[in-house]
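Q: In numbering that gives the first Met the number 0, the protein residues as written are 0 to 456.
Each residue gets a CB set at the ideal place from its N, CA and C atoms; glycine is no exception.
The structure is given below, and queries will be raised subsequently.
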Amino acid sequence: MRVVFINPKGANNEDDYELPSNIAYLAAAVEKADFIGEIEVLDLDLLYFPVDEDSAQQFNEKFLKGRPDEASTIFALPIYTYCAKETEKMCAIIRRFKKRAKIIVGGPHITLNGLGVIRDNSAIDFALAGEADFSFRELLKRLAHGESLEGIDGLYYRENGVAKGNKFPERIENMASLPSQTDGFKYLDMKTIKEKVGYCSYIASRGCVFSCVFCSSANLWGHKLKYLPAKTVIAELGTIKQMGFDVVTFRDDFFTMNKPWMNEILPCLKELGLTWGCETRIDAVDEKTLVAMKESGCKNLRFGIETFNDKSLRILNKKIDPILAVKNLELALKIGIEEVRSSFMVGIPGETKEDVLRTVAICRTLKPMRPRFRALTPYIKTRLYENMEEYGIRFVKEPHKLGYSQIETDTMTNTEINELLHGIYAEFKNPKESYYHNDFSMVLTDKKWKTKASEVS
Ligand code: B12
Ligand code: SF4
């Protein structure tokens, strides 16, 4: 069996590429199986190669033609809600050129809407919801041996043309049983990633215990935060260093939640001489933690604060005190974390233009904290999406398109939201980079970003 993972070009800018940890995990999960012949990754995001009708022929010539069209050839792709339509179209294009190969999809959008995707896309053979580290291997094994697909939790398939789904999967209990994500790195173009991106993304834990109404985390990870054993993290960070990376960014939802666990990892980061960054909640840091993080090489901290308006924070179920948020941002800056970033949203239910401008004004007083404002987007299955009427928000443009806002609220028109965003983008735009998507840091990588903001509409 030949597995061809495809990392589709996201809706992001060229500079926003991130190493696909999901594919690394899945490749590592199947590589030792005796029914697997070859594993390949077509990293179209790294190559910045969009697949659409215009590029379909070229995609076939370059990437599909040379690969056999047999039932034992598996094309495996992740689907994210923000580029679900594009990825689904890409699956139809693969099917056009490969009639017998199997197309399997997974990832956040499948966990949220797997049955819908299988129902609406005859090009796709199978979809796997949830953590697929073990179920993907099991599915391939059953396909290789022509066995029944019964009992594979999270599997969506078609039977006599009708979309069906098995039981939704439980979270993986024992994170120590996972394959090693760094084992999967060998299938990625790490040399180009190092040259082009400069840092290595790493996932040390999965999930979050909070339930902010706009966030997919609760639906994806079931409110459970589970950690890789600290000794696994330490060993894998060593591998990353050996691969020639000096910079690591943790992509965990909530890196500083478990202090004893984190405190086991920090000395190793220091010992390896790795510079690092992470995302976390603003209420989950204090002076002692921030000092320890800085001393171990942390140069980039990213918080999601969303707004400094207390009422709006309660509407978002963010469970953050805005006064504490300001205090801890000041603390992080005082302690000397080189780059402190925070994201905010425009279009929060109930917020007026004045509320947004108050948040912007507070950001100005917190310089050099780097704010990143985004359009609030109701993502499928989130509490916000499911209760849009109650929250007083409506889509007025095609949902899930990145860039500017697609919604209006009871308190702001879509034009008002977008005008605000436009002004804010202009004000906080660093001359070297676009504030739209790039999430990481020039401080760490010393990269020169291209500004492509004008291309986003
Ligand atoms: C790294 C990351 C990014 C990177 C790039 C990701 C990419 N390739 O596009 C950057 C920083 C650019 C980014 C940006 C954005 N992101 Co982002 N990002 C993440 C993050 C933090 C980590 C992803 C990861 O590696 N997870 C760890 C792996 C192990 O988990 P996983 O990906 O879910 O994979 C498992 C399963 O899903 C499944 N699986 C995954 N792929 C496949 C494929 C197959 C074939 C199969 C069978 C199974 C399978 O098995 C895997 C192993 O168990 C996640 C949050 C999170 N913690 O997961 C958000 C997340 C994916 N991002 C999200 C969002 C909303 C965005 C933005 C739209 C934010 C914004 N407003 O700008 C932008 C979009 C940028 C773009 N691409 O255009 C949402 C997506 C929600 C959704 N419904 O799709 C997430 C889930 C965050 C959240 N909690 O809401 N992001
Ligand atoms: S704290 Fe962050 S990751 Fe957790 S639910 Fe809220 S937004 Fe999502």
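Rounded to whole angstroms, how far is the Cβ of Asp68 from the Cβ of Arg99, which I believe are closer than 8 Å?
A: The pair is a contact, with the Cβ atoms about 5 Å apart (cut-off 8 Å).
Q: Which full runs of the alpha helix (DSSP H) of 4+ residues lie inside the segment 41–105, going along the chain?
A: For the segment 41–105, whole alpha helix (DSSP H) runs of length 4 or above, ordered along the chain, are 55–58 and 83–96.
Q: Classify Phe135 as helix, strand or coil using the three-state DSSP reduction.
A: Three-state DSSP puts Phe135 in a helix.
Q: Between which residues of its own chain and Pro430 is the CB-CB distance below 7 Å, once the five residues before and five after are set aside?
A: Reliability of the predicted coordinates at Pro430 is poor, the pLDDT of 42 falling under 50, and the value obtained from them is presented with this limitation in mind. Same-chain partners within the cutoff: there are none.
Q: Taking the alpha helix (DSSP H) that Tyr24 falls in, what are its first and last residues?
A: Tyr24 -> alpha helix (DSSP H) spans Ser20 to Val29.
Q: Excluding the 5 residues flanking Pro107 on each side, which residues of the same chain have their C-beta closer than 7 Å to its C-beta?
A: The answer, listed in chain order, is Tyr79, Thr80, Ser215 and Leu219.
Q: In the DSSP assignment, what residue or residues form a beta bridge with Cys297?
A: Trp275.
Q: Let me check understanding here. Comparing Cα to Cα, which of Val161, Gly221 and Val2 lies closest to Pro168?
A: Answer by Cα proximity: Gly221.
Q: Classify Lys136: buried if its beta carbon has 16 or more other beta carbons within 10 angstroms, exposed otherwise.
A: Checking the sequence shown, residue 136 turns out to be Arg, not Lys. Arg136 comes out buried.
Q: If distances are taken between C-alpha atoms only, which option among Leu236, Val339 and Met387 comes closest to Glu263?
A: Comparing Cα-Cα distances from Glu263 to each of Leu236, Val339 and Met387, the minimum goes to Leu236.
Q: Between Ala360 and Tyr16, what straight-line distance do the alpha-carbon atoms span, to the nearest angstrom?
A: Cα-Cα distance, rounded: 31 Å.
Q: Cβ of Arg250 versus every heavy atom of ligand 2: is any distance shorter than 7 Å?
A: Arg250 Cβ: outside cutoff for every heavy atom of ligand 2.
Q: Taking its Cβ as the centre, do 16 or more other Cβ atoms sit within 10 Å of His144, making it buried, or is it exposed?
A: Exposed, because fewer than 16 other Cβ atoms sit within 10 Å of the Cβ of His144.
Q: Would you say Ile5 reaches chain C, if we count a Cβ-Cβ gap shorter than 8 Å as a contact?
A: This model lacks chain C altogether; it includes just one protein chain.
Q: According to DSSP, simplified to helix, strand and coil, what is Ser424?
A: Looking at the sequence provided, one finds Tyr at residue 424 rather than Ser. In this structure, Tyr424 counts as helix in the three-state DSSP scheme.
Q: Which residues does DSSP list as the beta-bridge partners of Leu330?
A: For Leu330, which the question treats as bridged, DSSP gives no partner whatsoever.
Q: So, helix, strand or coil for Pro430, using DSSP?
A: Summary for Pro430: the model assigns pLDDT 42, below 50, so the residue's position carries little reliability, and this model does not support an answer.
Q: Would the C-beta of Phe253 count as close to ligand 2, meaning under 7 Å from any of its heavy atoms?
A: It does: the Cβ of Phe253 is within 7 Å (strictly closer) of some heavy atom of ligand 2.
Q: For a test of the three-state rule: what should DSSP assign to Ile361, helix, strand or coil?
A: It is helical.
Q: Using the Cβ count rule (16 or more neighbours within 10 Å means buried), how would you classify Ser134?
A: Answer is buried; the Cβ neighbour count reaches 16.
Q: Gly276: buried (16+ other C-beta within 10 angstroms of its C-beta) or exposed?
A: Result: buried.
Q: How many whole angstroms separate the CB atoms of Leu330 and Leu300, which I take to be in contact at a CB cut-off of 8 Å?
A: So it is not a contact: roughly 11 Å between Cβ atoms.
Q: What's the gap between the Cα of Lys317 and the Cα of Phe209?
A: So the alpha carbons of these two residues sit roughly 8 Å apart.
Q: Residues in the same chain with beta-carbon distance under 6 Å from Phe4, minus the five sequence neighbours each way, listed in chain order, please.
A: If we look at Phe4 and ignore the five residues flanking it on each side, its Cβ neighbours are Ile22, Val40 and Ala75.
Q: Counting pairs of beta carbons, one from the segment 402–418 and one from the segment 84–95, are three or more of them closer than 8 Å?
A: No, the segment 402–418 does not touch the segment 84–95.
Q: Could I get the ranges of all uninterrupted beta strand (DSSP E) runs contained in the segment 138–167, with 3 residues as the minimum, in chain order?
A: Listed in chain order, they are 154–158 and 161–164.
Q: Mapping DSSP to helix, strand and coil, what is Met344?
A: DSSP places Met344 in strand when its eight states are reduced to three.
Q: At a cut of 8 Å, does the segment 390–409 reach the segment 341–349 through at least three beta carbon pairs?
A: Contact holds: three or more Cβ-Cβ distances are below 8 Å.
Q: Ligand 2 heavy atoms versus the CB of Ser204: any closer than 7 Å?
A: No; taking the cut-off as 7 Å, the Cβ of Ser204 has no heavy atom of ligand 2 nearer than that.
Q: In this structure, how does DSSP classify Phe254 when only helix, strand and coil are distinguished?
A: If DSSP states are grouped into helix, strand and coil, Phe254 belongs with coil.
Q: If contact is defined by three or more beta carbon pairs under 8 Å, each pair taking one atom from either stretch, is the segment 144–154 in contact with the segment 44–53?
A: Result no; under three Cβ-Cβ pairs closer than 8 Å.
Q: Within the continuous beta strand (DSSP E) that includes Ala374, where are the two ends?
A: Residues Arg369 to Ala374.
Q: Express the C-alpha separation of Gly422 and Pro228 in angstroms, rounding to a whole number.
A: Near 45 Å, if we compare the C-alpha coordinates of Gly422 and Pro228.
Q: Could you check if Phe302 belongs to the surroundings of ligand 2, using beta carbon to heavy atom distance under 7 Å?
A: No; taking the cut-off as 7 Å, the Cβ of Phe302 has no heavy atom of ligand 2 nearer than that.
Q: Tell me the DSSP secondary structure of Lys225 in three-state form.
A: DSSP places Lys225 in strand when its eight states are reduced to three.
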